[in-house]
Amino acid sequence: MSLTYLEAIREAQAKLLRDDPRVFIYGQDVGGTFGGAFKATKGLAKEFPGRVLNTPISEDAMTGVAIGAALEGMRPIVEMQFADFSSIALNQILNNAGTQYWRTNLPVPITVRLPSGGTKGSGPFHSQSMESLYAHYPGLIVMTPATVEDAYTMLIDAISIDDPVVYCEHKYLYYHLKADALPSEGMPIGRARVARAGRDLTIVSYSAMLHESLAAAEELARENWDIEVIDLRTVKPLDTSTVLGSVARTGRLLAVGESFPWGGVTAEVLARVASEGFHLLDAAPARLNAKDTPIPYHPNLWSAHRPSSHAIAAKARRLLRE
Amino acid sequence: MLQTARRGRKKTGSEAQAAAAVHERYLEAYRWMLLTRLFEEKLASMYRGGMITGGVYVGKGQEAVSAACGMFLRKGDIFAPLIRDQAGRAAFGEPLVDVARTYLGSRLGPMRGRDGNIHRGKPREGQLAMISHLGAMISVVVGSLMAKRWRGEKDFVGLTTIGEGGMQTGSTHEGLNIAAVERVPLVVVATNNHYAYSTPNEREFACASLVDRALGYGFEGYEMDGTNLNACLETIETAVKRARAGRPPQLVVASILRLAGHGEHDDFSYVTDDIRKEPFAQDCLKCAEVCIRELGLADDATVRNWRDEALRKVDEAVATAQREPAPNAGEEDWCAISTRELCDPVE
């Protein structure tokens, strides 16, 4: 049996619906025979009648409904059709879900699924990576699974967590990644993973950028550089100690992300390493993000807008020579 | 009947009984209104004396609408009040001391100094804690009602309030629409107090009446005079009953004038002399007092006793909260999530 990243997300939701009567899925086009814009809920409405519900095009209200249901004991999964459209629901996610536990002592166990990141030809409004924005606000857990196995176990974990989870699933990985089987258990949430061990330089990445980083490490291996690659898995909480442990081994840090460059996850990684592990560094830490423009439509522009494995390798080479 | 009644005809026995019940309810509502007015006057004076940090937001002129909102709800219902709903919150069962605690930031209050003034609630008891972003709570109530339906609960209803200002947000539009799509037992009480902070109706919306929107959303709609307590009680009672009975969601639009500033920091000098002469600018509390006196529902001594008793309750609530400890930043738990092991370690 071989499963894609997308199928793992579907399987996780099927298992959750099967095992937990509190779970329901709420989003645009998720129900009926359609099963979602990307088919992440294909067949689930039929298998679980009344629990996989189509909604109006109302990201704010979809999320508000989930919050209200969660306050009454349900475990809703909200599917945003694209991460980009979750901007309409920012208020509910940040100000309502994100503040609820701190203010009232009652947590809001909602999971908001964000089909994230760029694919060719998707343009400015169907390609965004929003994890940095959500991670900035208190009260939320932000997951960015990069593998089929993590996509599966982390979504199951997300629903078991009593707090709101923003689950960023990468659209580029939907069909590109495959696994032979789904694990029954994953690594603990909040722990980063050493995806490739090395001793010359640490690349910290997550989501689709993990795979670009691993390809860059392969490219550099042909030049006899030994690159360590960290997969953050969750960007909030951010596993600073695994990152620092890696930098202690390599002395060099490059953080790679697909979101916009101002602030964000890579800036956070650099700030933590610089402030907590300055003495570990043999060179100034570096980062690589998407460009500070809207995400372009044409593949020629798009492939230069996001960090590619070659761009990562080029940046790493400069860092290795310092 | 009551404020709209003509007097003279002799009542039959059952009519008299029904009238007595109506009178009793009217007087109960009046007492919630009175308590609210006196409590909010106290809060406003404490604010002016520098004893309350942040702000004080009162419902002066809106007490009749608000009291009626709280009175027809019962345990198991969901109430999502807004800024000017002290009367409704009290009628729904919120202890006065919790209000004082929230304004004074007591550690023993429901918000423990983490949030203040009208941003308070106990979601476990069906009193949702509003956020400041208007319209955001409508869909939250819808979700809570859906959860109750899934659990197989019966005869429950949700009620949330909004103003004519909040009626213009995208969140309100999405919330009203999704309520009708999900066919939940919801009552939305929208009070047009004629100003969104300082902005008058003509810069807020251009439709003839906000109640016309009910049809567009698939709600049943009602208009009422928010200065007339009896109209508020009858209309909201009907709306709550119909929602409970499985009718489509209900929209009640009340008309009043806000008789105070947006908050106590605001002198409301933008309210024109012309608008102050409109019938909707009457003070609902005074109108109710006139009605009580004219119909002889309670004698002056009884009303005076109620006032004294309300003042005692207000003083007691404030004194209790004042004795309680304030939050201590050094002892505060600075973790915004309940899953402590997932709290981000950054400083």
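So the protein sequences, as listed, match chains U and D. Quick note on the numbering used here: the first sequence kicks off at 1 and runs consecutively. Quick note on the numbering used here: the second sequence kicks off at 1001 and runs consecutively. The beta carbon of each residue, even a glycine, is placed where N, CA and C say it ideally should be. Here the structure is a predicted model, which means the values were calculated and not measured.
Check: Which first and last residues belong to the beta strand (DSSP E) in which Leu301/U is found?; Outcome: Not the beta strand (DSSP E): Leu301/U falls in the alpha helix (DSSP H), residues 299-305.
Check: By DSSP, does Asn1192/D sit in helix, in strand, or in coil?; Outcome: strand
Check: Given a threshold of 16 other Cβ atoms within 10 Å of its Cβ, counted over all protein chains shown, does Arg1132/D qualify as buried or as exposed?; Outcome: A small correction: the amino acid at residue 1132/D is Ser; Arg does not occupy that position in the sequence shown. Exposed: under 16 other Cβ atoms inside 10 Å.
Check: Would Glu1331/D be called buried (16 or more neighbouring beta carbons within 10 Å of its own) or exposed?; Outcome: exposed
Check: For a contact meaning CB atoms closer than 7 angstroms, what does Lys1148/D contact in chain U?; Outcome: Glu72
Check: Please say whether Ala286/U and Ile227/U have beta carbons closer to each other than 9 angstroms?; Outcome: no
Check: Could you tell me the distance, in whole angstroms, from the CA atom of Gln1017/D to the CA atom of Arg1307/D?; Outcome: 27 angstroms
Check: Taking CB distances under 9 angstroms as the criterion, tell me whether Thr1339/D reaches chain U.; Outcome: yes
Check: Please report how far the alpha carbon of Gly1061/D lies from the alpha carbon of Thr1102/D, in whole angstroms.; Outcome: 23 angstroms
Check: For the stretch 1061-1123 of chain D, list the alpha helix (DSSP H) runs that are entirely contained and at least 4 residues long, ordered along the chain.; Outcome: 1063-1071, 1086-1092, 1096-1104
Check: Just mark Thr1339/D as buried or exposed, buried being the case when its beta carbon has 16 or more other beta carbons within 10 Å.; Outcome: buried
Check: If we define contact as Cβ-Cβ less than 9 angstroms, is Leu1128/D a contact residue for chain U?; Outcome: yes
Check: Shorter than 9 angstroms from the beta carbon of Asn985/D to some beta carbon of chain U?; Outcome: Nothing can be reported for residue 985/D: it is not among the residues displayed for chain D, which extend from 1001 to 1347.
Check: Under 7 angstroms between beta-carbons, which chain D residues line up against Ser58/U? List them in chain order, please.; Outcome: Glu1174, Asn1177, Ile1178
Check: Looking at the structure shown, is Met143/U part of a helix, part of a strand, or coil, going by DSSP?; Outcome: strand
Check: Does Lys178/U come out as helix, strand or coil in the three-state DSSP assignment?; Outcome: strand
Check: So who's on the other strand from Thr4/U, going by DSSP bridges?; Outcome: Lys178/U
Check: As a quick exercise: from Gln1086/D, Gln1282/D, Leu1038/D, pick the residue whose alpha carbon is nearest that of Arg1312/D.; Outcome: Leu1038/D
Check: Can you give me the Cβ contacts of Gly1059/D inside the same chain, cut-off strictly under 6 angstroms, excluding the 5 residues immediately before and after it?; Outcome: Ser1066, Arg1084, Gln1086
Check: Starting from Lys236/U, follow the beta strand (DSSP E) in both directions and report where the run begins and ends.; Outcome: 234-236
Check: Just to confirm the assignment: which complete beta strand (DSSP E) runs, minimum length 3, are found wholly within the stretch 8-39 of chain U?; Outcome: 23-27
Check: Assign His126/U to one of two classes, buried (16 or more other C-beta atoms within 10 Å of its C-beta) or exposed (fewer than that).; Outcome: buried
Check: Spatial neighbours of Arg1025/D within its chain, please: C-beta separation below 8 angstroms, excluding the five flanking residues on both sides.; Outcome: Met1071, Leu1233
Check: Report, in whole angstroms, the separation of the C-beta atoms of Phe24/U and Arg51/U, which I expect to be a contact under 8 angstroms.; Outcome: 4 angstroms
Check: Report the neighbours of Gly139/U on chain D: residues whose CB is nearer than 9 angstroms to its CB, in chain order.; Outcome: Ala1336, Ile1337
Check: Would you check if the distance between the CB atom of Val323/U and the CB atom of Leu253/U is smaller than 9 angstroms?; Outcome: As displayed, chain U neither begins before 1 nor continues past 322, which places residue 323/U out of reach and without an answer.
Check: Considering only their Cβ atoms, is the gap separating Leu1104/D from Val1348/D smaller than 9 angstroms?; Outcome: This structure cannot settle anything about residue 1348/D, because the visible part of chain D is limited to 1001 through 1347.
Check: Am I right that Met1146/D and Ala151/U are in contact with their C-beta atoms under 8 angstroms? What's the rounded C-beta distance?; Outcome: At roughly 28 angstroms, the Cβ-Cβ gap does not stay under 8 angstroms, so Met1146/D and Ala151/U are not in contact.
Check: Among residues of its own chain, excluding the 5 on either side of Glu1237/D, which ones have a beta-carbon nearer than 6 angstroms to its beta-carbon?; Outcome: Phe1072
Check: Below 8 angstroms on the Cβ atoms is my guess for Gly1165/D versus Leu1134/D; work out the distance and round it to an integer in Å.; Outcome: 7 angstroms
Check: Within a Cβ cutoff of 8 angstroms, which residues of the same chain sit near Ser1171/D, ignoring the five residues on either side of it in sequence?; Outcome: His1133, Leu1134, Gly1135, Ala1136, Ile1138, Ser1139
Check: Could you check if Phe1219/D is buried or exposed, using at least 16 other CB atoms within 10 Å of its CB as the buried criterion?; Outcome: buried
Check: Taking 9 angstroms as the CB-CB cut-off, is Cys1343/D touching chain U?; Outcome: yes
Check: Comparing the C-beta of Leu1145/D with each C-beta of chain U, is any distance below 9 angstroms?; Outcome: yes
Check: Could you give the DSSP three-state label for Thr1012/D: helix, strand or coil?; Outcome: coil
Check: In angstroms, rounded to a whole number, what distance separates the CA positions of Ile1337/D and Ile110/U?; Outcome: 13 angstroms
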